[in-house]
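Some notes on the structure that comes next.
Protein chains in written order, with the numbering used here: chain A, 11 to 141; chain B, 145 to 238.
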């Protein structure tokens, strides 16, 4: 068994597609119209055949209160791996991305948390080489 | 809640250490720092209770920033300790 799909709920799929591609740098994989909404997935340019990331509409009434409660306590909806958190922090800040937690050294990992503008907090994480 | 009881607990002292390191942290960040840097694996609910004790003692304050609730260290109540048992100047040189 493999994980082929993960994702977040977003308040606006087209805005989310722009943020996850133009700002974060993922690539569009699928954009299949389904009436009011669409099946939109993105992939990492470093692994275009890898796990797809679904930008799922937050239309279900349970979603917004759930995500809002996570955000209130600063809990990210998901986490992305990067090689250099500090470099990503500087690159994304220059593009206007808001960080709620700057790069923080937590021992085995360095993390930072950003706002995806579509309702979610997203963690980026760099694993430090183990001695 | 008096300040003495609030700082009697090692987890609460670790929370204050981390808030001094960076002010304005969410519950998630506080829990992550306690787990990763101090090996404290208490539940979020337990940490929320500790934060409540610290807030009642005036040692932290909370404010909503954007959509998140953040926590700040506030050292004022600790002044009362130094004022109650002041360190004499000559004592310092001993």
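Cβ coordinates follow ideal geometry from the N, Cα and C atoms, glycine included.
In this text, all values refer to a predicted model and were calculated from it rather than measured experimentally.
Any non-hydrogen atom of the ligand SAM closer than 7 angstroms to residue i Cβ
| i | result |
| --- | --- |
| residue 101 of chain A | Although the ligand SAM was asked about, the structure shown includes no ligands whatsoever. |
Cβ-Cβ separation, residue j to residue i (assumed contact under 8 angstroms), whole Å
| i | j | result |
| --- | --- | --- |
| residue 20 of chain A | residue 38 of chain A | Contact doesn't hold; Cβ gap of about 14 angstroms is too wide. |
| residue 217 of chain B | residue 203 of chain B | 7 angstroms |
| residue 90 of chain A | residue 99 of chain A | Not really, about 13 angstroms apart at Cβ, beyond 8 angstroms. |
| residue 158 of chain B | residue 184 of chain B | 6 angstroms |
| residue 224 of chain B | residue 147 of chain B | 7 angstroms |
| residue 138 of chain A | residue 113 of chain A | The pair is not a contact, with the Cβ atoms about 12 angstroms apart (cut-off 8 angstroms). |
| residue 173 of chain B | residue 111 of chain A | 5 angstroms |
| residue 207 of chain B | residue 199 of chain B | With 8 angstroms as the limit, residue 207 of chain B and residue 199 of chain B do not qualify as a contact, their Cβ atoms being about 11 angstroms apart. |
Residue i vs residue j beta-carbon contact at 8 angstroms
| i | j | result |
| --- | --- | --- |
| residue 17 of chain A | residue 65 of chain A | yes |
| residue 201 of chain B | residue 232 of chain B | no |
| residue 169 of chain B | residue 178 of chain B | no |
| residue 82 of chain A | residue 187 of chain B | no |
| residue 93 of chain A | residue 46 of chain A | no |
| residue 67 of chain A | residue 96 of chain A | no |
| residue 127 of chain A | residue 63 of chain A | no |
| residue 176 of chain B | residue 116 of chain A | yes |
Residue i: first and last residue of the uninterrupted alpha helix (DSSP H) it sits in
| i | result |
| --- | --- |
| residue 194 of chain B | 188–200 |
| residue 29 of chain A | From DSSP, residue 29 of chain A is part of no alpha helix (DSSP H); its letter is neither H nor E. |
| residue 225 of chain B | 220–228 |
| residue 75 of chain A | 73–82 |
| residue 98 of chain A | 95–104 |
| residue 149 of chain B | 147–150 |
Boundaries (first-last residue) of the beta strand (DSSP E) holding residue i
| i | result |
| --- | --- |
| residue 182 of chain B | Premise fails: residue 182 of chain B lies in the alpha helix (DSSP H), 171–182, not in any beta strand (DSSP E). |
Opposing strand residues paired with residue i [DSSP bridges]
| i | result |
| --- | --- |
| residue 213 of chain B | B:208 |
| residue 146 of chain A | Past the edges of chain A, shown from 11 to 141, lies residue 146 of chain A, and the structure says nothing about it. |
| residue 17 of chain A | A:64 |
| residue 40 of chain A | A:51 |
| residue 160 of chain B | BP columns for residue 160 of chain B are empty, so no partner. |
| residue 134 of chain A | A:90 and A:122 |
| residue 57 of chain A | A:54 |
| residue 109 of chain A | A:124 |
Could you say if the stretch 104–116 of chain A and the stretch 46–60 of chain A meet the contact criterion of at least three C-beta pairs nearer than 8 angstroms? no
Under 8 angstroms: do the stretch 73–89 of chain A and the stretch 123–132 of chain A share three or more Cβ pairs, one atom per stretch? Touching, yes.
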